[in-house]
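Read through the structure below, which is laid out as structure tokens, and then see the notes.
2 protein chains.
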Amino acid sequence: MKIYDISMELNPNVFVYKNKPEKKPVFEVTENGYVTETNLSMNLHTGTHIDAPLHMIKDGAAIGAYDLARFFSPAQVLDFTGEKEKISAAALKEKNVKRNVFVILKTKNSEKEYFDPEFIYLDESGAGYLRDQGAIGVGIDALGIERNQPGHPTHKILLGAGIVILEGLRLKGVPEGDYFLAAPPLKLNGYEAAPVRAALIEWDKAD
Amino acid sequence: MKIYDISMELNPNVFVYKNKPEKKPVFEVTENGYVTETNLSMNLHTGTHIDAPLHMIKDGAAIGAYDLARFFSPAQVLDFTGEKEKISAAALKEKNVKRNVFVILKTKNSEKEYFDPEFIYLDESGAGYLRDQGAIGVGIDALGIERNQPGHPTHKILLGAGIVILEGLRLKGVPEGDYFLAAPPLKLNGYEAAPVRAALIEWDKAD
Numbered sequence: 005m006k007i008y009d010i011s012m013e014l015n016p017n018v019f020v021y022k023n024k025p026e027k028k029p030v031f032e033v034t035e036n037g038y039v040t041e042t043n044l045s046m047n048l049h050t051g052t053h054i055d056a057p058l059h060m061i062k063d064g065a066a067i068g069a070y071d072l073a074r075f076f077s078p079a080q081v082l083d084f085t086g087e088k089e090k091i092s093a094a095a096l097k098e099k100n101v102k103r104n105v106f107v108i109l110k111t112k113n114s115e116k117e118y119f120d121p122e123f124i125y126l127d128e129s130g131a132g133y134l135r136d137q138g139a140i141g142v143g144i145d146a147l148g149i150e151r152n153q154p155g156h157p158t159h160k161i162l163l164g165a166g167i168v169i170l171e172g173l174r175l176k177g178v179p180e181g182d183y184f185l186a187a188p189p190l191k192l193n194g195y196e197a198a199p200v201r202a203a204l205i206e207w208d209k210a211d
Numbered sequence: 005m006k007i008y009d010i011s012m013e014l015n016p017n018v019f020v021y022k023n024k025p026e027k028k029p030v031f032e033v034t035e036n037g038y039v040t041e042t043n044l045s046m047n048l049h050t051g052t053h054i055d056a057p058l059h060m061i062k063d064g065a066a067i068g069a070y071d072l073a074r075f076f077s078p079a080q081v082l083d084f085t086g087e088k089e090k091i092s093a094a095a096l097k098e099k100n101v102k103r104n105v106f107v108i109l110k111t112k113n114s115e116k117e118y119f120d121p122e123f124i125y126l127d128e129s130g131a132g133y134l135r136d137q138g139a140i141g142v143g144i145d146a147l148g149i150e151r152n153q154p155g156h157p158t159h160k161i162l163l164g165a166g167i168v169i170l171e172g173l174r175l176k177g178v179p180e181g182d183y184f185l186a187a188p189p190l191k192l193n194g195y196e197a198a199p200v201r202a203a204l205i206e207w208d209k210a211d
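Chains as they are written, first to last, in this note's numbering: chain A, 5 to 211; chain B, 5 to 211.
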């Protein structure tokens, strides 16, 4: 079994969406003799996280509405590191995108350890294509899955179709191909997102 | 594939260790048009979580020192719901505890949706026995793995031997037996614990 850790580390200096200071996690450490305890305060969209429909759809479903099984899924990593602006339906059609898998979009975002406002994103046409392919979920190595699209159509197409969005992945060193995704989000219920530790597992032939 | 969710839900009313109000998670929800965003503030030992040595050992290893593979592991659920006070080496010896697995201790704690100060715990002798069995980790359905043991010997024996402690499990309805544990903690590094969504997976024969 080989495990790829595809998560961002949460620390006070982690890069955050649009570099907004209020999105940085805050840690308060207390020491009492040999006992150490920490309090963590964070935005649910900081670091690697799952978006639920409620994030972008008024009265949409919250994170607790997803069955946990969604986050243990066959997954396909697609390499779009050659794309310079965005991933559209045309680019996706050049790949052999499987049906009914969790699609993981690898871009050159994974090479950057800072917030790039020009991050590669999934455009509206790409979201429609993945919806039509029956994607279980869509993951991307950016803190947002879209940018500069008025009305957030990528979010709305995916979330409106019940497709999980997994943001803030780190995919450097992960080859294109098939994996088993394990990305169980923290167990929240009525909220619009949840932080997650995401991993891709490659089973040995002998397993 | 059958998945058992063995995690506590994090919400403002979740029960916490010793009912300390400062251990309750705090959620701040912001709505801006159709966009909803939430900030979560929580103690790292609230809900289901992993303890690292640093929690109880001065200058001990922090959570980032554990390899992620530790949290994807063969696991054995042992039913101790008949125990009234604690789990000791004698009780463990009556079970066929496997070597080199993540041992999950199910007790009558799982039947209680409140903090019981008399929760069932793993005593010092039990910790020594599991260490000697080469346990990869030890999970329990209590917010602490010990109580009323001066000097925290259970924590120190396990953590001192590099054995992962997984606290705050919910095991009602989970039969004794063999599983695959998936419990990847949030990716923190220099801290003494991390919250986790924990699951037990039963593979279909056909998988």
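Cβ atoms here follow ideal geometry from the backbone N, Cα and C, with glycine treated the same way.
Contact between Glu87(B) and Ala95(B) holds, since their C-beta atoms are separated by about 6 Å, short of 8 Å. For Tyr118(B), same chain residues with a beta-carbon under 6 Å away, outside a window of 5 residues either side, are Phe19 in chain order. With 16 or more other Cβ atoms inside 10 Å of its own Cβ, Thr158(B) counts as buried.
Nearest neighbour of Ala187(B) by Cα position, chosen from Asn47(B), Thr50(B) and Phe76(B), turns out to be Phe76(B). Chain-order list of chain A residues neighbouring Thr40(B): Leu58, His59 and Glu196, by C-beta distance under 7 Å. For the pair Asp83(B) and Ile91(B), the Cα-to-Cα distance works out to about 11 Å.
Rounded to the nearest whole angstrom, the CA to CA distance from Leu170(B) to Thr111(B) is 14 Å.
Shown in chain order are the members of the segment 172-206 of chain B whose Cβ falls below 9 Å from a Cβ of chain A: Ala186, Ala187, Pro188, Pro189, Leu190, Lys191, Leu192, Asn193, Gly194, Tyr195, Glu196, Ala197, Ala198, Pro199, Val200, Arg201, Ala202, Ala203 and Ile205. For Ala73(A), the chain B residues whose C-beta falls within less than 8 Å of its own C-beta are Met5 and Ile7, listed in chain order. Less than 8 Å separates the beta-carbon of Asp208(A) from that of Met5(A).
For Tyr21(B), the CB contacts under 7 Å within the same chain, skipping 5 residues up- and downstream, are Lys27, His49, Phe119, Leu147 and Gly148 in chain order. Only buried fits Pro199(B), as 16 or more other CB atoms lie within 10 angstroms of its CB. Counting only runs of at least 4 residues, the segment 110-170 of chain A fully encloses the following alpha helix (DSSP H) elements, listed from N- to C-terminal order: 128-136 and 157-164.
By the neighbour-count definition (other C-beta atoms within 10 Å, threshold 16), Asp55(B) is a buried residue. As the crow flies, the alpha-carbon of Ala139(B) is around 5 Å from that of Val105(B). Of the residues Arg151(A), Leu109(A) and Asn43(A), the one whose Cα lies closest to the Cα of Leu134(A) is Leu109(A). The C-alpha of Val107(B) is placed about 31 Å away from the C-alpha of Leu44(B). Counted as a single uninterrupted DSSP element, the beta strand (DSSP E) harbouring Ala186(B) occupies residues Gly181 to Ala186. Under the 8 Å criterion on CB atoms, Glu13(B) is classed as interfacial with respect to chain A.
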